[in-house]
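Undergrad:
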Amino acid sequence: MSQFKKRIHLFNCDNTYKLEPVEKLLEKCGIDVELVEKHYFRLPKMSEMVDRIPILAMDMAFFVVHAHECVLSINEEGAGFGYAKIYRALLKATGGDVIIVIGGDNKYKGEDEEEREVISRWAKRKVFSQFSEEYLDGRKSFIFSWNKKHREIHEQALLHHFDPNKNGLKFEYQPDQRKEQPEAATPPPSRLEEVIHPFRRCFSLSGEQQYESEPPLKPESSLRHYEAVTGAREIKECRAEGSNISRKKASTTTANNQGAGSEEIFRPRTGETIARLSYSLESQYAYFFLKIIFKCTTFRLSLSLELSILGCNVSCESVDDAKKVFARVLPSLRLSKDPFVGNLPITKVEEYLRDYHFRFSVLMVDGYTVRDGCDDQRSKELQRLVRLAVDQVVEKVIILVCNGQSTTNTYNEFIGQINKLEKTFVATVNNGKLAMDPQIFCAAKF
1 MSQFKKRIHL FNCDNTYKLE PVEKLLEKCG IDVELVEKHY FRLPKMSEMV DRIPILAMDM
61 AFFVVHAHEC VLSINEEGAG FGYAKIYRAL LKATGGDVII VIGGDNKYKG EDEEEREVIS
121 RWAKRKVFSQ FSEEYLDGRK SFIFSWNKKH REIHEQALLH HFDPNKNGLK FEYQPDQRKE
181 QPEAATPPPS RLEEVIHPFR RCFSLSGEQQ YESEPPLKPE SSLRHYEAVT GAREIKECRA
241 EGSNISRKKA STTTANNQGA GSEEIFRPRT GETIARLSYS LESQYAYFFL KIIFKCTTFR
301 LSLSLELSIL GCNVSCESVD DAKKVFARVL PSLRLSKDPF VGNLPITKVE EYLRDYHFRF
361 SVLMVDGYTV RDGCDDQRSK ELQRLVRLAV DQVVEKVIIL VCNGQSTTNT YNEFIGQINK
421 LEKTFVATVN NGKLAMDPQI FCAAKF
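The C-terminal residue of the sequence shown carries number 446 in my numbering, and the numbering is unbroken.
#1: Val426: which of Ser361, Val394 and Glu381 sits nearest, CA to CA?
#2: What's the gap between the Cα of Leu388 and the Cα of Glu350?
#3: For Val127 versus Ile74, is the C-beta distance shorter than 9 Å?
#4: Would you check if there are 3 or more beta carbon pairs closer than 8 Å linking the stretch 80 to 98 to the stretch 29 to 37?
#5: Run through DSSP, which three-state label would Tyr40 get?
#6: Could you check which residue in Met49, Cys70, Lys24 and His39 has the C-alpha nearest to that of Lys149?
#7: Please give me, in chain order, every unbroken run of the alpha helix (DSSP H) with length at least 4 that falls completely inside the stretch 41 to 78.
#8: I need the DSSP call for Arg447, collapsed to helix, strand or coil.
#9: In whole angstroms, what is the alpha-carbon distance linking Asn343 and Lys323?
#10: Measure the C-alpha to C-alpha separation of Pro106 and Thr424 and round it to an integer number of angstroms.
#11: Would you check if the distance between the CB atom of Trp122 and the CB atom of Ser315 is smaller than 9 Å?
#12: With distances taken Cα to Cα, identify the nearest neighbour of Cys29 among Cys312, Ile153, Lys45 and Tyr368.
#13: Using DSSP with H/G/I as helix, E/B as strand and the rest coil, what is Ile153?
#14: Is the Cβ of Lys166 closer than 9 Å to any Cβ of chain D?
#15: Would you call Asn12 buried or exposed, if buried means 16 or more other Cβ atoms sit within 10 Å of its Cβ?
#16: With respect to the alpha helix (DSSP H) encompassing Phe326, which residues constitute its N-terminal and C-terminal limits?
#17: Which residues does DSSP list as the beta-bridge partners of Ser132?
#18: For Asn430, which beta-bridge partners are listed by DSSP?
#19: Assuming Val452 and Asp321 are in contact, meaning their beta carbons sit under 8 Å apart, how far apart are those beta carbons, in whole angstroms?
#20: Closest by CA to Val329, which one among Leu159, Leu434 and Lys170?
#21: In this structure, how does DSSP classify Asp137 when only helix, strand and coil are distinguished?
#22: Sort Val325, Lys380 and Phe131 by Cα distance to Glu77 and report the nearest one.
#23: His161 to Gly138, Cα distance in whole Å?
#24: Taking the C-alpha atoms as reference points, what is the distance between Asn313 and Met364?
#25: Does the Cβ of Glu111 have 16 or more other Cβ atoms within 10 Å, making it buried, or fewer, making it exposed?
Set out below in C-alpha cells:
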C-alpha cells in the first residue's frame, strides 16, 4: 500500500451516475486517503473543468460514466465529441492514475461473468478499442463496470492497484474461499436431465422459438421409477434400434395381474441414451405423453449431430454475425440446414461437447477475448475448450473469431497455438462477413 495518503477526486458529467458508489468502494477497501472530493459538471462547462483540473491537488482520479450513454467516447483522439479532453487532463494531473467506472451496467451474462470480470463483455466491447491493454488488465489502470454497486472483484482489483509491489503486474482475481457455501449433499442429476438441459437455451438460425425441454416429473407422480443411463447398461428386457421405440412386457405379466409393472427402454437413434421406465397400468396416459416427448427430443438430436455452432458466452452481436454467415454458406454445404446454435458459458459448452459427438463444430469467441492475451485466464479456458472439441468432434473444429481481428503478438500467438492442433481452422468474421471468400471456406474446410 502507498506510504502517503492519497488525494482522490471523483468526476461525473451531467449527473448521469452517482459518485457515492465509488466512495463506498474506497471505504470498503479501507483505503487511507487524505480527502475524497466529488465533482459534477455540465457538458457545456467541460472546458472550464478541464482548465480547473491542473490547479486541483490530486494524486488519483475516478471518472464515472453511465453504461447506456448514447456514445461512450472516453479516449478517442480527434473525435470532436465525448470525454477525451477531460480524461486526458486527468491523466496529466495525476501522472496517469485514473480509473474509469461505468455505472448502470446491467448487461452481465449471469453470475459467472459478474464474479470473474471487473467489466462486462458488453461494456468492454464498447470501449476496448480506445485503450491499450495495460489500462484494462491492472498493469497501469482499470475500467470497472457494475450496475448499482461494486462487487468483491472490484475490491480486490482496487487493492491490487494501490499495492506498489504489483505495479506493472496483471490483476488475477482470487475468489474468497471462505464465502463459498458448501455444496448440498444432493444426488447427482439423472443423465436424462443432462441430455435435455442444453435445449433450454437453443435457437435456430431462423430465430424461431427456442427448443424447450419438459421439466422432470415430480416424485409423487404415478410413474414409480424414472431412471436414465447411457451406453449398454444391463439392457435386460428389450432394445430399441434406430429412432424406433419398442415396447416389451415381461413374460410373467398377464391380463389378470393388473398391478404388475413392465419395463420400457427408450433409445433415441442418436446419442445412445437409454431411459428405463417402470410404470403402473393406470398411468398409461402419462407414459404415452412422455413417449411423445422422447420422440421430439430424438428428432431434434438427429438434426443437430452434423453441425453445432456454440458461442462461448459471446455478445449478442457476435451470435447474430455467426448466424448471418452460416445462413449464407449452409446452402453450399451438404449438412443440415437447421444446426444447433447456442450461446453458453464455457463450462456448459464443455458439457455439451462431451454429451454429443458432431461431425463439425463451430466455436464462437469475441475478438477482444483473444486480444487480451494467452496468459489471460479466459484465453486459457478457450484453449482448453478447443482441445476438448478436437477430441470430441469427428472431422473439423472451426474457431470463429468475431469482430476482433488484430495484429498484436498475443492475438497471433493464440491463433498460432490453435492452428497447431489437428482438425482446427480459425476464421474471422467482421460485421457479419467472413474475412475470406465463403466458397473457398466451404471447399477447404467442409
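The beta-carbon is built from N, C-alpha and C at its ideal position, and this holds for glycine as well.
Source: prediction; values computed, not measured.
TA: Per the coordinate set shown:
#1: Ser361
#2: 7 Å
#3: yes
#4: no
#5: strand
#6: Lys24
#7: 46 to 52
#8: There is no way to answer for residue 447, as the model of the chain reaches only from 1 to 446.
#9: 12 Å
#10: For clarity, residue 106 is Asn in the given sequence; the question names Pro instead. Using only the alpha carbons, I get a separation of about 35 Å.
#11: yes
#12: Ile153
#13: helix
#14: This model lacks chain D altogether; it includes just one protein chain.
#15: buried
#16: Cys316 to Val329
#17: According to DSSP, which records beta bridges pairwise, Ser132 is partnered with nothing at all.
#18: Lys433
#19: What is shown of the chain runs 1 to 446, which leaves residue 452 out entirely.
#20: Leu434
#21: coil
#22: Phe131
#23: 7 Å
#24: 9 Å
#25: exposed
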